[in-house]
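See structure below.
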Amino acid sequence: MYESPSPLLPLPQDQPGFLECHGHPDPLLIGDGGLFVASSPLGLGLFAARSFAEGETILVFNGALLTLEQVIAKGDDQANPLQVDDQLYLDIGYPAVYANHSCRPNTGIRDDVRLVALEPISPGQEIFWDYSTSMWEDYWVMDCQCGEPCCRRQIGDFPSLPTWQQWEYLSRGLVLQFIRRRLEERGAPDLD
Ligand SMILES: [Zn+2]
Numbered sequence: 009m010y011e012s013p014s015p016l017l018p019l020p021q022d023q024p025g026f027l028e029c030h031g032h033p034d035p036l037l038i039g040d041g042g043l044f045v046a047s048s049p050l051g052l053g054l055f056a057a058r059s060f061a062e063g064e065t066i067l068v069f070n071g072a073l074l075t076l077e078q079v080i081a082k083g084d085d086q087a088n089p090l091q092v093d094d095q096l097y098l099d100i101g102y103p104a105v106y107a108n109h110s111c112r113p114n115t116g117i118r119d120d121v122r123l124v125a126l127e128p129i130s131p132g133q134e135i136f137w138d139y140s141t142s143m144w145e146d147y148w149v150m151d152c153q154c155g156e157p158c159c160r161r162q163i164g165d166f167p168s169l170p171t172w173q174q175w176e177y178l179s180r181g182l183v184l185q186f187i188r189r190r191l192e193e194r195g196a197p198d199l200d
């Protein structure tokens, strides 16, 4: 991660949403028209540059599809894996990679790749999603310092969420398909 923020620069209009961020000379370009990357209490974070209405798409995750072996081979410093299936990952790019986790997120993932606003978001607000809605590796954990009163302190795979929160995310369509499939395989109720 980069240590200190620099002046923010506009992203050219013809710039695609996805850029390889690693090795990029300036991590603080504004991306995707309505977003910017800046210093956050958690390091760098992704922020709204304009208002987003509830339900509006903030960004679409894209990137190369990698197997678990490819993610491991690429290494922590070079891969930004978003789990999208059993042992299959989207190597997400700039600026999506700067969206931090929060235990009280203001965005969530719909249709596996769309990050949507869960509430009205104002310019300057940081974009957060709950990483547990996209993870089921059976060993993934991360310490959380989101600072929310409801902070889980240590976040993990989707099944580590309290049952009520699993239901809430499922009923709102904010859980990746492969997780829903695995839950159904285990006999969980169909929430569609
Ligand atoms: Zn937290």
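The letter at position 155 of the sequence shown is residue 163 when you use the numbering used here, and the numbering goes up by one with no holes. C-beta atoms are modelled at their ideal positions from N, C-alpha and C, and glycine is treated no differently.
The alpha helix (DSSP H) with residue i in it runs from where to where?
i	result
residue 122	No alpha helix (DSSP H) holds residue 122; the beta strand (DSSP E) holding it covers 122-125.
residue 55	Unbroken run through residue 55 is the beta strand (DSSP E), 51-56; no alpha helix (DSSP H).
residue 171	171-179
residue 105	Taken as a continuous stretch (DSSP letters only), residue 105 belongs to no alpha helix (DSSP H), as it is neither H nor E.
residue 112	Taken as a continuous stretch (DSSP letters only), residue 112 belongs to no alpha helix (DSSP H), as it is neither H nor E.
residue 91	Residue 91 -> not in any alpha helix (DSSP H); beta strand (DSSP E) instead, spanning 89-93.
Taking just the CA atoms, how far does residue j sit from residue i?
i	j	result
residue 87	residue 195	33 Å
residue 134	residue 125	11 Å
residue 96	residue 138	19 Å
residue 7	residue 94	The question about residue 7 has no answer, for the chain in this structure spans 9 to 200.
residue 63	residue 140	20 Å
residue 188	residue 179	11 Å
residue 57	residue 167	34 Å
residue 98	residue 46	23 Å
residue 105	residue 118	17 Å
residue 169	residue 120	19 Å
What residues in its chain sit with their C-beta under 6 Å from that of residue i, if we drop five residues either side in the sequence?
i	result
residue 136	108, 110, 113 and 114
residue 149	162 and 164
residue 100	69, 71, 88 and 90
residue 177	141 and 183
Does ligand 1 have a heavy atom nearer than 8 Å to the CB of residue i?
i	result
residue 153	yes
residue 156	yes
residue 135	no
residue 129	no
residue 110	yes
residue 122	no
residue 160	yes
residue 163	yes
For the beta strand (DSSP E) holding residue i, just list the boundary residues, first then last.
i	result
residue 67	65-68
residue 100	96-100
residue 187	That residue, residue 187, is in no beta strand (DSSP E); its alpha helix (DSSP H) goes 185-193.
residue 72	71-75
residue 46	43-48
residue 129	First-last for residue 129: undefined, no H or E at that position.
residue 164	162-164
residue 85	Per DSSP, residue 85 belongs to no beta strand (DSSP E) and is neither H nor E.
Leaving out five residues before and five after residue i in sequence, what residues of the same chain have Cβ atoms less than 7 Å from its Cβ?
i	result
residue 122	65 and 68
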